[in-house]
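>
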């Protein structure tokens, strides 16, 4: 993904034109005179990121599965050249035989009926390893190749070029992946990959997993292979749509998984490729997926459709912090870390290009487990998993999922993203509120029979929701006490992203006169200085009273209330950052949970009461319905104005990041549900969505619209000096999946 705009030189443009002209010829050609194009090594890659530049061009010659440098290539940092990396000793590969296998499960057809029910059943054991394998009792009768070549006519994909070497991981030596610019059919890529395998091993048959695992680590350190191709994050599915295919018509078809009744992601109103919808991963010999963690610490499920086996490495959750500590101290050098503590390594790992042998983890007593995945098998990675593989041509498919026990882990991920000022991919607060309110409604029915796994998931939802509502109530009390807001307006937006810390906001947020700078309640509202005036408007959902009632109901459970009190005593501030210290002092001013909140507006309210209607007070017992604001027509009426003033707003003397402009604003106007649209129109209010100018197909990482799974991009401007220490659950996992 391209971060920012890049000016292409004539040399680069010429190379790209040459690529376009020759890429089809490259696929068919058996000679080495194939496609050529120009790329450059980035200072830092944002997750398989790609950037073209004229400053450091490298001409690459492509052939069937191997990319080599031309003799006239010149660049201070050679992207592909191998050299000895002393920190990674690969001379002795006996450590590969010392990594224990992860659990393997072979469910019956009856147990296999519902994937999320079965996964809840095995999670208490399997999560201790961070990774597990499930052998499917159902067999796909329509092969993946038939699906991708016949059922999905015209299906093609492009690949990433992965430099096949180890790196020093300092400012002068990092690894970046590049787009090949070549479109393959499934059959074309299979032919290319098998040709590479046959040339090396003089055989088309599969070799043992143990042998190829050692081959991988020897070749990456000392071999002649300079690069490999890997088609990862390809939108689509290889499960057959034929009703006669047992696996394709089952609930284990990954296209259906996110919409199952127990799936939290079913509540998303917009699909996210790779998260709610599966993606394909088509690899060749030695292609790999670098150490990485799933977005928002979600679960993942990967099905192996066909081809050679894959080797996965997984690190269990109880070793997560230790993993990041080892990476920070023994893999990365300090000059490439942008943050202190474990977040420094976490930030770079989000780039998804870091690869190193697990031997360094074993040396420092980090638990590592292995899985060899064959066709017809599923691999599950539990929340917070870093993963790597490949034994030849293969085709896998993966998607994320979440169940109730994910919410505490998602809170940790949200906190870390906020600390690094990274935009979220999921509207976690919205998902939590919706799931909690559905649970609250179901608890009114006394005849429901829940399993122990369901009750454990419900506990996680309840605790997470109570903590959120306690924070929001305290924050609203503080805002009203400070007289920081000029008016209160109904919040009809599904989710917006805070301009400052990139937290997602569903229940409440503050905005300015032009509605261009939404801010969450975790900031000192009185210190906000908007360029469009001093007015600050509180947007609050009109069903907040029902949410408070649900939270209070949950707290009647002794187990819930005791856990909440224990976390408060331990200083848990997952929801408070970066206002932890300020809000903690509210107790000294007479605050207590769920107390009545008197609405005290700023002195300028009378002059601008068209922006919203005042309430006599906010409380769980006496909360009325808001009247819709009357001048939503201002929202989006002048996006250029929003862009122009974005860098003028400041907090405590610091400017808002320049990246904040239409993108942040557009989320707040584009996330209205259909029901919300009708509600607004009924009150004769102009529909702001019609003015939206965001391209729905944009893959900009800074666009906070929850639509596309994508690499993270970072807003360089930071606010505040708060630090955090993430608490790791035993269910959090880190994985390396070598594809």
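In UniProt numbering, the protein residues as written are 1 to 739.
Glycine included, every Cβ here is placed at the ideal spot set by N, Cα and C.
(1) Quick check on residue 553: does DSSP put it in helix, strand or coil?
(2) When DSSP labels each residue in this structure, what does residue 518 get in the three-state scheme?
(3) Where does residue 251 sit, in a helix, a strand or coil, going by DSSP?
(4) How many angstroms separate the CA atom of residue 463 from the CA atom of residue 564?
(5) Taking 8 Å as the threshold (C-beta atoms), are residue 491 and residue 539 in contact?
(6) Alpha carbon to alpha carbon, what distance is there between residue 550 and residue 444?
(7) Classify residue 420 as buried or exposed, calling it buried when 16 or more other Cβ atoms lie within 10 Å of its own Cβ.
(8) Near residue 118, which residues of its chain fall below 7 Å by C-beta distance, leaving aside the five closest residues on each side in sequence?
(9) Please state if the CB of residue 129 and the CB of residue 316 are separated by a distance shorter than 8 Å.
(10) Output needed for residue 429: all residues of its chain with C-beta closer than 6 Å, excluding positions within five of it in sequence on either side, in chain order.
(11) Looking at residue 398 and residue 300, is the spacing between their C-beta atoms short of 8 Å?
(12) Between which two residues does the beta strand (DSSP E) carrying residue 490 extend?
(13) Rounded to a whole number of angstroms, what is the C-alpha to C-alpha distance between residue 286 and residue 171?
(14) Apart from the five residues on each side of it in sequence, which residues of its chain come closer than 6 Å, Cβ to Cβ, to residue 376?
(15) Can you tell me the Cα-Cα spacing of residue 282 and residue 431, whole angstroms?
(16) Counting Cβ pairs, one atom from each stretch, are 3 or more of them under 8 Å apart for the region 365-380 and the region 136-149?
(17) Write down every uninterrupted run of the beta strand (DSSP E) in the region 277-341 whose length is 3 residues or greater and which is fully enclosed by it, in chain order.
(18) Using a threshold of 8 Å, state whether the C-beta atoms of residue 594 and residue 552 are closer than that.
(19) To the nearest angstrom, report how far apart residue 396 and residue 342 are at their CA atoms.
(20) Would you tell me roughly how many angstroms separate the C-alpha atoms of residue 707 and residue 352, rounded to the nearest one?
(21) Could you tell me the alpha carbon to alpha carbon distance between residue 297 and residue 457, rounded to whole angstroms?
(22) Please list, in chain order, all residues of the same chain as residue 346 whose beta carbon is under 7 Å from its beta carbon, the five residues on each side excluded.
(23) Enumerate, from N- to C-terminal direction, the unbroken beta strand (DSSP E) stretches of 3 or more residues contained entirely within the region 385-448.
(24) Assuming residue 541 and residue 484 make a contact with CB atoms under 8 Å, what is their CB distance in whole Å?
(25) What did DSSP end up calling residue 146 once you bin it into helix, strand or coil?
(26) Are residue 548 and residue 469 touching if we call contact CB-CB under 8 Å?
(27) Measure the alpha-carbon distance for residue 598 versus residue 489 and round it to whole angstroms.
(28) Any contact between the region 177-196 and the region 159-167? By contact I mean 3 or more CB pairs, one from each, below 8 Å.
(29) Please say whether residue 120 and residue 559 have beta carbons closer to each other than 8 Å?
(30) May I have the straight-line CA-CA distance separating residue 289 from residue 164, to the nearest angstrom?
(31) On a Cα-Cα basis, can you pick out the residue from 354, 543 and 482 that is closest to residue 523?
(32) At the level of alpha carbons, what is the spacing between residue 239 and residue 312?
(33) Let's see if you can read the secondary structure: which residues bound the alpha helix (DSSP H) around residue 181?
Working from what's here:
(1) The sequence position of residue 553 within the chain shown is 553, counting from 1. In this structure, residue 553 counts as helix in the three-state DSSP scheme.
(2) As a first step, residue 518 must be located in the chain shown, where it is residue number 518. Assignment of residue 518 by DSSP, reduced to helix, strand and coil, places it in the coil class.
(3) Position 251 of the chain shown, counted from the start, is the residue given in the question as residue 251. Looking at residue 251 - three-state DSSP - the assignment turns out to be coil, as it is neither helix nor strand.
(4) Taking the first residue of the chain shown as position 1, residue 463 is located at position 463. Taking the first residue of the chain shown as position 1, residue 564 is located at position 564. Computed Cα separation, rounded: 7 Å.
(5) As a first step, residue 539 must be located in the chain shown, where it is residue number 539. As a first step, residue 491 must be located in the chain shown, where it is residue number 491. Yes; because the gap between Cβ atoms is below 8 Å, this pair is in contact.
(6) Residue numbering aside, residue 444 sits at position 444 when the chain shown is read from its first letter. Residue numbering aside, residue 550 sits at position 550 when the chain shown is read from its first letter. Inter-residue distance for residue 444 and residue 550 is about 11 Å (C-alpha atoms, whole angstroms).
(7) Residue numbering aside, residue 420 sits at position 420 when the chain shown is read from its first letter. That one is buried.
(8) As a first step, residue 118 is located in the chain shown; it is residue number 118 there, counting from the start. Only 107, 111 and 112 meet the Cβ criterion.
(9) Reading the chain shown from its first residue, position 316 is the one you call residue 316. Reading the chain shown from its first residue, position 129 is the one you call residue 129. Yes, these two residues count as a Cβ contact at 8 Å.
(10) Position 429 of the chain shown, counting from 1, holds the residue named residue 429. Hits under 6 Å: 504 and 506.
(11) For this step, residue 300 is matched to residue 300 along the chain shown. For this step, residue 398 is matched to residue 398 along the chain shown. Yes; because the gap between Cβ atoms is below 8 Å, this pair is in contact.
(12) Your numbering for residue 490 matches position 490 in the chain shown. From DSSP, the beta strand (DSSP E) with residue 490 extends over 487-490.
(13) The sequence position of residue 286 within the chain shown is 286, counting from 1. The sequence position of residue 171 within the chain shown is 171, counting from 1. If you take the alpha carbons of residue 286 and residue 171, they lie about 26 Å apart.
(14) Residue numbering aside, residue 376 sits at position 376 when the chain shown is read from its first letter. Closer than 6 Å at the Cβ level, and outside the excluded window around residue 376, lie 136.
(15) Within the chain shown, the letter at position 282 stands for residue 282. Within the chain shown, the letter at position 431 stands for residue 431. Rounded to the nearest whole angstrom, the C-alpha separation of residue 282 and residue 431 is 32 Å.
(16) yes
(17) 279-283, 289-292, 299-307 and 310-315
(18) Residue 594 sits at position 594 when you count from the first residue of the chain shown. Residue 552 sits at position 552 when you count from the first residue of the chain shown. In contact: residue 594 and residue 552 (Cβ atoms closer than 8 Å).
(19) By one-based count along the chain shown, residue 396 stands at place 396. By one-based count along the chain shown, residue 342 stands at place 342. Rounded to the nearest angstrom, the gap between the Cα atoms of residue 396 and residue 342 is 31 Å.
(20) To locate residue 707, count along the chain shown from 1; it is residue 707. To locate residue 352, count along the chain shown from 1; it is residue 352. Confidence in residue 707 is poor, its pLDDT being 37 and thus under 50, which makes the residue's placement too unreliable to answer from.
(21) As a first step, residue 297 must be located in the chain shown, where it is residue number 297. As a first step, residue 457 must be located in the chain shown, where it is residue number 457. Those two C-alpha atoms are separated by around 16 Å.
(22) Working through the chain shown from its first residue, we reach residue 346 at position 346. 324 and 416, listed in sequence order.
(23) 394-401
(24) By 1-based counting over the chain shown, the position of residue 541 is 541. By 1-based counting over the chain shown, the position of residue 484 is 484. The pair is not a contact, with the Cβ atoms about 19 Å apart (cut-off 8 Å).
(25) In the chain shown, residue 146 corresponds to position 146, counting from 1. Reduced to three states, the DSSP call for residue 146 is helix.
(26) Translated into positions along the chain shown, residue 548 becomes position 548. Translated into positions along the chain shown, residue 469 becomes position 469. Cβ distance < 8 Å, so residue 548 and residue 469 count as in contact.
(27) Against the chain shown, residue 598 aligns to sequence position 598. Against the chain shown, residue 489 aligns to sequence position 489. C-alpha separation (whole angstroms): 16 Å.
(28) At 8 Å Cβ cutoff, the stretches touch.
(29) As a first step, residue 559 is located in the chain shown; it is residue number 559 there, counting from the start. As a first step, residue 120 is located in the chain shown; it is residue number 120 there, counting from the start. No, the pair does not count as a contact, with Cβ atoms beyond the cut-off.
(30) Along the chain shown, read from residue 1 onward, the residue named residue 289 stands at position 289. Along the chain shown, read from residue 1 onward, the residue named residue 164 stands at position 164. If you take the alpha carbons of residue 289 and residue 164, they lie about 12 Å apart.
(31) If you number the chain shown from 1, residue 523 lands on position 523. Of the candidates 354, 543 and 482, the one whose C-alpha sits nearest the C-alpha of residue 523 is 482.
(32) In the chain shown, the residue the question calls residue 239 occupies position 239. In the chain shown, the residue the question calls residue 312 occupies position 312. Those two C-alpha atoms are separated by around 22 Å.
(33) As a first step, residue 181 must be located in the chain shown, where it is residue number 181. Not the alpha helix (DSSP H): residue 181 falls in the beta strand (DSSP E), residues 178-184.
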